[in-house]
Every structure is written in C-alpha cells, then in structure tokens.
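A short write-up of the structure that comes next.
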Amino acid sequence: MRVVAFILCAALAGCAAQRELTIDSTPPGALVRLDDMVVGVTPFKTSFEAYGTRRVTLYLEGYRSQSRLVEIKPPWYAHFPLDVISEVLLPFGWRDRHEVALVLVAEDSALSMPDIDPVLQRAESLRLAEPTGPRPLPAKAHEEPR
0 MRVVAFILCA
10 ALAGCAAQRE
20 LTIDSTPPGA
30 LVRLDDMVVG
40 VTPFKTSFEA
50 YGTRRVTLYL
60 EGYRSQSRLV
70 EIKPPWYAHF
80 PLDVISEVLL
90 PFGWRDRHEV
100 ALVLVAEDSA
110 LSMPDIDPVL
120 QRAESLRLAE
130 PTGPRPLPAK
140 AHEEPR
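Note that numbering that gives the first Met the number 0 numbers the sequence shown so that position 56 is 55, with each residue one more than the last.
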C-alpha cells in the first residue's frame, strides 16, 4: 500500500516538460498557418505536445508567401526511457523551446504577359490531357520544337 501511495505522489509531483514553439517573421505581422490551420500572426508563440515535422506558412500582403517544413527534434531527456523519468518522476519541469524565423520577400509588380504565356500554355495542355496524361502542344511557327 505504501509503495502505491509513493508512486502516486511521485506521479502527481512530477511536472511535464513545457514545450514551446515560437514563429517570427521579418517584417512582423504575417498571418501564420501551422500545418492546415491558421493560428495567429507573428510573433506567434504556442505550446505543443509531440515532436516531428510541421509545416509553417506565412502570409503578408505585399510580400511573397513563405512555406517551410520545420523539424522539431526532441532533446536528450525526451527519448525513451529517459522521458519517463524526466517528465513523470522528477519534481520539476524542463523547458524545451524551438524558434522559427522567416524573412519575407517583397512582392514584385504584377505578372507581365511573357510570364503569363507559359502558364496559359501549360493550362491548355492540361485541359486537353488524355487519360494517359498531357500531350505536348504543337509548336507555334516562331517557336522551336521541344
């Protein structure tokens, strides 16, 4: 009975690690999408439960969108079996902070016609696609065949 009481007290006294992810941008104020959810604006701070790869995407009017896969690696004390000791049995919590900082690039002027032509050609090729995939468009008189 005393052993069970001791284990229960130790488990209740333990404090899980505090995991924190901070996302910042230059310039600040960008809309933050974490994986598939819009979560706030930069600078943004949140806690997380699991380690792994997350997709961070930033949007700010007048700037190009930035998207990056970020790998959040566990510290040495978060690997099994150390995690049982560090998160359950020890009476203090660890702080595990991860930071992501992205620099947003100002958007140039609107697309010009030469930039739009290849996009429209590719769209037409996809529109005319057969079940086996898109076929190459016939070369125009002023273009060289591919």
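Every residue, glycine too, gets a C-beta built ideally from N, C-alpha and C.
Classification of R54 by the beta-carbon crowding that lies within 10 angstroms, buried from 16 upward
Under a 10 Å Cβ-count criterion, R54 is classified as exposed, with fewer than 16 other Cβ atoms of the shown protein chains found around its own Cβ.
Just reading off the beta strand (DSSP E) that G28 is part of, what are its end residues?
Unbroken run through G28: none, as it is neither H nor E.
Check the C-beta distance from T169 over to I22 and give it rounded, since I have them as a contact under 8 Å.
A question about residue 169 goes unanswered here, because the residues of the chain that appear run from 0 up to 145.
Mind checking which residues open and close the beta strand (DSSP E) that includes I59?
The amino acid occupying residue 59 in the given sequence is Leu; Ile does not appear at that position. Careful: L59 lies outside any beta strand (DSSP E) and carries neither H nor E.
Closer than 6 Å by C-beta to E129: which residues in its own chain qualify, once you throw out the five before and the five after it? Chain order, please.
Its chain contains no residue whose beta carbon lies nearer than 6 Å to that of E129 once the 5 sequence neighbours on both sides are disregarded.
Contact set for Q17: own chain, Cβ-Cβ below 8 Å, skip 5 residues either direction
If we look at Q17 and ignore the five residues flanking it on each side, its Cβ neighbours are S46, G92, W93, R94 and D95.
Whole-number beta carbon distance between K44 and E19, since they are thought to touch under 8 Å:
Indeed they touch by this definition, with Cβ atoms about 6 Å apart.
Assuming V104 and T25 form a contact by the criterion Cβ under 8 Å, report the distance between their Cβ atoms to the nearest whole angstrom.
About 10 Å separates the Cβ atoms of V104 and T25, ruling out a contact at the 8 Å cut-off.
Could you have a look at A100 and say whether DSSP puts it in helix, strand or coil?
In this structure, A100 counts as strand in the three-state DSSP scheme.
Spatially closest choice to E60 from Y50, P73, A29 and L68, by CA coordinates
When only C-alpha atoms are compared, the closest one is A29.
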